[in-house]
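Here this note's numbering runs 27 ahead of the position in the sequence shown, where the first position is 1. The beta carbon of each residue, even a glycine, is placed where N, CA and C say it ideally should be. In this text, all values refer to a predicted model and were calculated from it rather than measured experimentally.
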Amino acid sequence: MGIVSGKIALVTGGAAGIGRATALKFAAEGAKLVVSDVMVEGGEETADMIRASGGEAVFIRADISKSTDVAALIAQTVAKFGRLDCACNNAGIEGTIAPFVDQTEEDFDKIIAVNLRGVFLCLKAEITQMLAQGGGTIVNLSSVAGLIGFSGLSPYVASKHAVNGLTKNAALEYAKQGIRVNSVCPGGIDTRMLDSLAKQATGSTMTSRQMMDGLHPMGRIGAPDEVANLIVWLCSDNASFITGAHVPVDGGFVAQ
């Protein structure tokens, strides 16, 4: 029996990377899944993978930066499964590497719209549902960039620091109502986002991957499954006394 057996779980940004790995892990541990993303093909593929392995999953397209999409996402989740026990707010974008003064207002607004406003809107809708049903668990995807600075990524760093702030407040405000809210802070993880940043930084994905390996004390970047394992555990009763935490999954990166 899995650690979230019988639970209803929602994963945003579930079309690939950490989101897909998290959805698959939830399903492997016994949850029924709602997979959401703006990328329909990848999201449907994730849901198909869960069904092919004997699990239950549906895909619902949603742009989390739009309140109407988020409201519809939660409403459809409850219409399908009757409740929402676990939510992983994973959807996010990285932006463009550039010095602070060269960052454009357009890029800043776009990153904040998805990474911060999106998490804010999801939290509001998820907590509202969880209050109505008597509790639940939420994990927000932050980053090591939510704990320390990264030259060239000012809007992204700002958005992820803010995600940790939202996490703290939501955890404090609803701790007595049976709702736990935590964030995870991945370091370099083997995903499309890391490839994008690597190519921007050096022009070569391979060169930058080797550099990223060396930046982590464990001598390598992480796998999406290694983040997913923590997310699902935080949503389980095994983590029943943990709320308001920001947990690095970074091979020792921020310990340096």
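Problem - Sequence-distant residues of the same chain with beta carbon closer than 6 Å to Asp277, five excluded per side - result: Val171 and Gly214.
Practice task
Determine the closest residue to Gly81 out of Leu51, Asp96, Gly70 and Val67, with distance taken between C-alpha atoms.
Solution key: Taking the Cα of Gly81 as reference, the smallest distance to any Cα among Leu51, Asp96, Gly70 and Val67 is reached at Leu51.
Handout entry: Completely contained beta strand (DSSP E) runs for the stretch 119 to 176, where each covers 3 or more residues
Key = Counting only runs of 3 or more, we get 163 to 168.
Problem - Whole-angstrom distance between Leu261 and Ile101, CA atom to CA atom - result: Each residue's Cα considered, the two are about 21 Å apart.
Handout entry: Which listed residue (Ile216, Asn256, Ala266 and Ala84) has its alpha carbon closest to that of Ala250
Key = Minimum Cα distance to Ala250 is reached at Ile216.
Practice task
Return the CA-CA distance between Ala185 and Ala84, expressed in angstroms with no decimal places.
Solution key: A straight line joining the alpha-carbon of Ala185 with that of Ala84 spans about 33 Å.
Handout entry: Cα-Cα separation between Glu253 and Gly44, rounded to whole angstroms
Key = Those two C-alpha atoms are separated by around 11 Å.
Handout entry: Counted within 10 angstroms of its Cβ, other Cβ atoms place Arg144 as buried (16 or more) or exposed
Key = It counts as buried.
Practice task
Apply the 10 Å Cβ neighbour rule to Glu200 and answer buried if 16 or more other Cβ atoms are within range, or exposed otherwise.
Solution key: Burial state of Glu200 is exposed, judged by a 10 Å Cβ sphere holding fewer than 16 other Cβ atoms.
Problem - Buried versus exposed, by CB contacts within 10 Å (16 or more), Ala89 - result: With 16 or more other Cβ atoms inside 10 Å of its own Cβ, Ala89 counts as buried.
Exercise for the section: Per DSSP, which residues does Asn256 bridge with? Please list them. Expected result: In the DSSP secondary-structure assignment, Asn256 is not bridged to any residue.
Exercise for the section: Kindly indicate which residue of Lys34, Phe53, Gly33 and Leu37 has the alpha-carbon position closest to the one of Asn256. Expected result: If we check each option's Cα against that of Asn256, Phe53 comes out closest.
Practice task
Determine the DSSP secondary structure at Ala282, reduced to helix, strand or coil.
Solution key: Looking at Ala282 - three-state DSSP - the assignment turns out to be helix.
Handout entry: Cα-Cα separation between Glu68 and Ala42, rounded to whole angstroms
Key = Each residue's Cα considered, the two are about 8 Å apart.
Exercise for the section: Could you work out which residue in Arg78, Gln160 and Gly161 is closest to Ala55 when comparing CA atoms only? Expected result: Selection Arg78, Gln160 and Gly161 evaluated against Ala55 yields Arg78 as nearest (Cα-Cα).
Practice task
Look at Thr164 and Cys113 and say whether their C-beta atoms are less than 8 Å apart.
Solution key: Remark: C-beta atoms of Thr164 and Cys113 approach each other more closely than 8 Å.
Exercise for the section: Just confirm the distance between the C-beta atoms of Gly109 and Gly161, as a whole number of angstroms; I'd bet it's less than 8 Å. Expected result: Gly109 to Gly161, Cβ: 13 Å. No contact.
Problem - Beta-carbon proximity of Gly271 to Thr194, cut-off 8 Å - result: Yes, Cβ-Cβ distance for Gly271 and Thr194 is below 8 Å.
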